[in-house]
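Going by the UniProt record's numbering, the sequence shown opens with residue 1, and the numbers climb by one from there. For every residue, glycine included, the Cβ atom is placed at its ideal position computed from N, Cα and C.
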Amino acid sequence: FIVGSRTHAKLQQFTHFTLVAHARNGGKTYIAGPRRVGRFQLFSDALTKFHDQCVNTVTQADDFPKSEVQVMWVAPPPGSGCVSISAMVYESDQQWFADDGALTKVLCEQQPVPRLQKGECCACDEAKYSFTFEGIWSNETHPKDYPFAIWLTHFSDVIGASHDTNFSFWGEQHIATDGFRMLAEWGSVRLLEQELRAKGSRLRTLIKAAGLWYPRVNANTTSNFRVDRKHHKISLASMFGPSPDWVVGVSGLDLCRTDCTWTETLDVDLYPWDAGTDSGISYMSANAETQPRERMHRITTLYPEDPRAPFYNPQSADMTPLARLYIRREKVIARSCDEQFLQAQVLELAENTEEETRPECSTTEYTDWTPCSVTCGKGIRMRTREYLRPDVAATARCNRQLIGKEMCVAEVAECEETGGDDAASGEDVGQLAATVDEAGEGTGVCATTRWSEWSECSASCGIGVTMRTRTFVDHMGRKKCPHISVGK
Numbered sequence: 001f002i003v004g005s006r007t008h009a010k011l012q013q014f015t016h017f018t019l020v021a022h023a024r025n026g027g028k029t030y031i032a033g034p035r036r037v038g039r040f041q042l043f044s045d046a047l048t049k050f051h052d053q054c055v056n057t058v059t060q061a062d063d064f065p066k067s068e069v070q071v072m073w074v075a076p077p078p079g080s081g082c083v084s085i086s087a088m089v090y091e092s093d094q095q096w097f098a099d100d101g102a103l104t105k106v107l108c109e110q111q112p113v114p115r116l117q118k119g120e121c122c123a124c125d126e127a128k129y130s131f132t133f134e135g136i137w138s139n140e141t142h143p144k145d146y147p148f149a150i151w152l153t154h155f156s157d158v159i160g161a162s163h164d165t166n167f168s169f170w171g172e173q174h175i176a177t178d179g180f181r182m183l184a185e186w187g188s189v190r191l192l193e194q195e196l197r198a199k200g201s202r203l204r205t206l207i208k209a210a211g212l213w214y215p216r217v218n219a220n221t222t223s224n225f226r227v228d229r230k231h232h233k234i235s236l237a238s239m240f241g242p243s244p245d246w247v248v249g250v251s252g253l254d255l256c257r258t259d260c261t262w263t264e265t266l267d268v269d270l271y272p273w274d275a276g277t278d279s280g281i282s283y284m285s286a287n288a289e290t291q292p293r294e295r296m297h298r299i300t301t302l303y304p305e306d307p308r309a310p311f312y313n314p315q316s317a318d319m320t321p322l323a324r325l326y327i328r329r330e331k332v333i334a335r336s337c338d339e340q341f342l343q344a345q346v347l348e349l350a351e352n353t354e355e356e357t358r359p360e361c362s363t364t365e366y367t368d369w370t371p372c373s374v375t376c377g378k379g380i381r382m383r384t385r386e387y388l389r390p391d392v393a394a395t396a397r398c399n400r401q402l403i404g405k406e407m408c409v410a411e412v413a414e415c416e417e418t419g420g421d422d423a424a425s426g427e428d429v430g431q432l433a434a435t436v437d438e439a440g441e442g443t444g445v446c447a448t449t450r451w452s453e454w455s456e457c458s459a460s461c462g463i464g465v466t467m468r469t470r471t472f473v474d475h476m477g478r479k480k481c482p483h484i485s486v487g488k
C-alpha cells in the first residue's frame, strides 16, 4: 500500500499516517477483528509500526519526512465479504488528508468460476447438455465509453468444445494462438475452428452458436454438447465488440461431480478478458498490435489501471457481468465404464442446438462474404447459406445457423481526421441536429449513399433475415454521426 501524492510536479512528503482496515457491507463500514478484515504485516524498513492503542492499525515509526510507506495485508478467510482499507496522511499542522478519494480502497473477494472437482471423472454414464448464452452488455449496464458506433455492437459467434481434463485453448496465462487472435479482434471463428479440429482426439463436441448482433445484443443464442468420463470439461468464448481484443467465456469448467454424477444446472456470470494481442485501451481504439503477444488476463475495475478504460472504476471492485451462461442437463445416457468405448468416440459438431449429422438439417455451403459495410475503419460483413430441403427442415424444426457475421476493416484502415481536435470533439446536440434533414436523413458530413438493395432472405421458408447497408459520403461521418444508421 503506497501513500504519497503524485498530483504535484514534486512528490509530496508527509510525517505521520495511520492505516486501518474496516469491514464493509452495503456501502457502510464498521469495526471488526482481523479474522473478518484480514491483518497487516510489516516490512523490516523501520518506517512503520503497529499502533500502540488501536488493534490491527499501522502508523509511523518516526517523525521524519517520507514520500511512501509499504505494508503487507493478508486477506481474511473466504466468505468474509468486502474490506475497506483507509489511510490518514499528515503533512503539516495546516495540511492533512483522511479517507477521501484514493486514500480509501475497497477490496472484495473475487468469485471464482465454479470448479466442481479436480482430476479424473468417475461418472461412467454420458450426459447431453444444452446451454443458453445471454447478452447483458448495453449502454445502460455499462455506460462508460459505450461504443458510439452502436450498429457495430455484438457478441461474435460462440465457439468452444467439451474436452479432456488436460486440454485448454484459452484462459489465465495463455498466449493467444492465431485462431484465438482472429476471434478476439474480429469475431472470426474459422481459423480457431481449424485449430480445435486439429486437436480432435482431445475433444468430444465442437461447440458453435450464432452470435448476437445489434439490435439483438441482449437476446440469447443456444447450442448443445455431450460429455463423458474422459471429456468432462467445457471451454467456450465469444468476442464482444467493437473492441481491441476482448472476449467473454469459460475455460475448463468441470461438469463431473465428486459423487460420480453430472451437474444438473449451472449459471455462470461472464466477465471481460483481454486476449493480449492488441494494446487498445477503449472500445473504438485504433488497431495497435501487441508485439510480442501478452498473456491473457481478466479485465477488472482496477486493471488495466487507466481512466480511459471503460471498466476502470477505482471506487468499486464490483462489475456488472457482460453476459450469462445457463447450462442445463438434458439427459443422461447409460454407459458401462468401458475404456474401449471412450477411445472409439469421434468428434461431433453442435451448431445452434443442431448436430451436423442430422440429414434433414443439411445445408448448402456458405456464400462468399459480402463487401465490408464501410469505406474506412471497421465495419461488418456477412455470409448466408440455406437448407438443402427447406420443407423437410421446417417439418423437422431444424435450427442451424444460416447467417454468419464478423467484423471487417475497410481498404482505408483508419478514417481521416479533419479540422483538428477541436472539430472532432466540440460538437453538441444542437450541431448534431443540424446534420439531419426533415426526413431524418443525414446532411453535410452525415450525408450517406443510397441504401443498397435488400439481400435475399436467409430462409427459403418460414422466418429469416434480410439486410441492406449504406455508407457515409465523408469518411468522418462514421465518427461524427453515430445518430445515423448505416445498416438495417
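Exercise. From A394 to E386, what does the alpha carbon distance come to, in whole angstroms?
Worked result: The residue given as residue 394 occupies position 394 in the sequence shown. The residue given as residue 386 occupies position 386 in the sequence shown. Approximately 12 Å, taken between the alpha carbons.
Exercise. What number of angstroms, rounded off, separates the C-alpha of W316 from the C-alpha of C82?
Worked result: Within the sequence shown, numbered from 1, the residue matching residue 316 stands at position 316. Within the sequence shown, numbered from 1, the residue matching residue 82 stands at position 82. For the record, residue 316 in the displayed sequence is Ser; it is not Trp. Just so you know, the alpha carbons of S316 and C82 end up roughly 10 Å apart.
Problem set entry | Bridge partner(s) assigned by DSSP for L370 | Numbered from its first residue, the sequence shown carries residue 370 at position 370. The displayed chain sequence assigns Thr, not Leu, to residue 370. DSSP lists no partner for T370.
For this session: Assess, as a yes-or-no matter, whether the region 231 to 251 is touched by the region 185 to 193 under the definition of 3 or more beta carbon pairs within less than 8 Å.
Result: yes
For this session: Return the chain-ordered list of same chain residues with a C-beta closer than 8 Å to the C-beta of T448, the five sequence neighbours on each side being excluded.
Result: Position 448 of the sequence shown, counting from 1, holds the residue named residue 448. Hits under 8 Å: E441, G442, R470, T471, F472, V473, G477, I484 and V486.
For this session: Below 6 Å CB to CB, which residues in the same chain sit around residue 507 once its five sequence neighbours on both sides are set aside?
Result: Residue numbering for the chain in the displayed model covers 1 to 488; residue 507 lies beyond these limits and cannot be assessed.
Exercise. Expressed to the nearest angstrom, what Euclidean distance is found between the alpha-carbon atoms of S86 and P321?
Worked result: By one-based count along the sequence shown, residue 86 stands at place 86. By one-based count along the sequence shown, residue 321 stands at place 321. So the alpha carbons of these two residues sit roughly 28 Å apart.
Problem set entry | Inter-residue CB distance, R383 and T277 (contact presumed, cutoff 8 Å) | Taking the sequence shown and counting its residues from 1, one reaches residue 383 at position 383. Taking the sequence shown and counting its residues from 1, one reaches residue 277 at position 277. Contact flag wrong, Cβ pair sits at about 24 Å.
Exercise. Would A286 pass as a contact of S279 if the rule is Cβ separation under 8 Å?
Worked result: Numbered from its first residue, the sequence shown carries residue 286 at position 286. Numbered from its first residue, the sequence shown carries residue 279 at position 279. Cβ distance not < 8 Å, so A286 and S279 don't count as in contact.
For this session: May I ask you to report which of helix, strand or coil DSSP gives I333?
Result: For the purposes of this step, residue 333 is identified with residue 333 of the sequence shown, where counting begins at 1. Reduced to three states, the DSSP call for I333 is strand.
Exercise. Does DSSP put H142 in a helix, a strand or coil?
Worked result: Taking the first residue of the sequence shown as position 1, residue 142 is located at position 142. Correct three-state label for H142: coil.
Exercise. Whole beta strand (DSSP E) runs in the UniProt domain "Reelin" (1 to 120) with 3 or more residues, listed along the chain?
Worked result: 16 to 25, 28 to 30, 39 to 42, 48 to 50, 57 to 60, 71 to 74, 82 to 92, 95 to 98 and 104 to 107
Exercise. Using 8 Å as the threshold, is the region 148 to 161 in touch with the region 266 to 273, meaning 3 or more CB pairs across them?
Worked result: no
Exercise. Is L135 helix, strand or coil when you go by DSSP?
Worked result: Working through the sequence shown from its first residue, we reach residue 135 at position 135. Reading the sequence as shown, one finds Gly at residue 135 and not Leu. The answer is strand: DSSP assigns G135 an E or B state.
Exercise. What distance in whole Å lies between the Cβ atoms of W246 and I299, which are believed to be in contact at a cut-off of 8 Å?
Worked result: Within the sequence shown, the letter at position 299 stands for residue 299. Within the sequence shown, the letter at position 246 stands for residue 246. With a Cβ gap of about 7 Å, I299 and W246 count as contacting.
Exercise. Looking at the unbroken beta strand (DSSP E) that takes in residue 502, where does it start and where does it end?
Worked result: No answer is possible for residue 502: it lies beyond the span of the chain, which begins at 1 and ends at 488.
Exercise. How would you label D164, buried or exposed, when you count the other beta carbons within 10 angstroms and need 16 or more for buried?
Worked result: If you number the sequence shown from 1, residue 164 lands on position 164. Flag for D164 reads buried.
For this session: Determine the direct distance from the alpha carbon of C54 to that of F40, and round the result to whole angstroms.
Result: In the sequence shown, counting from the first residue as 1, residue 40 sits at position 40. In the sequence shown, counting from the first residue as 1, residue 54 sits at position 54. The straight-line gap from Cα to Cα measures roughly 13 Å.
Exercise. Since A323 contacts G135 with CB under 8 Å, what's their CB separation in whole angstroms?
Worked result: Taking the sequence shown and counting its residues from 1, the one referred to as residue 323 is at position 323. Taking the sequence shown and counting its residues from 1, the one referred to as residue 135 is at position 135. Correct: roughly 5 Å between the Cβ atoms.
Exercise. Cβ of residue 506 within 8 Å of Cβ of R295?
Worked result: Lying before the first or after the last residue shown, residue 506 is absent from the chain, which here runs from 1 to 488.
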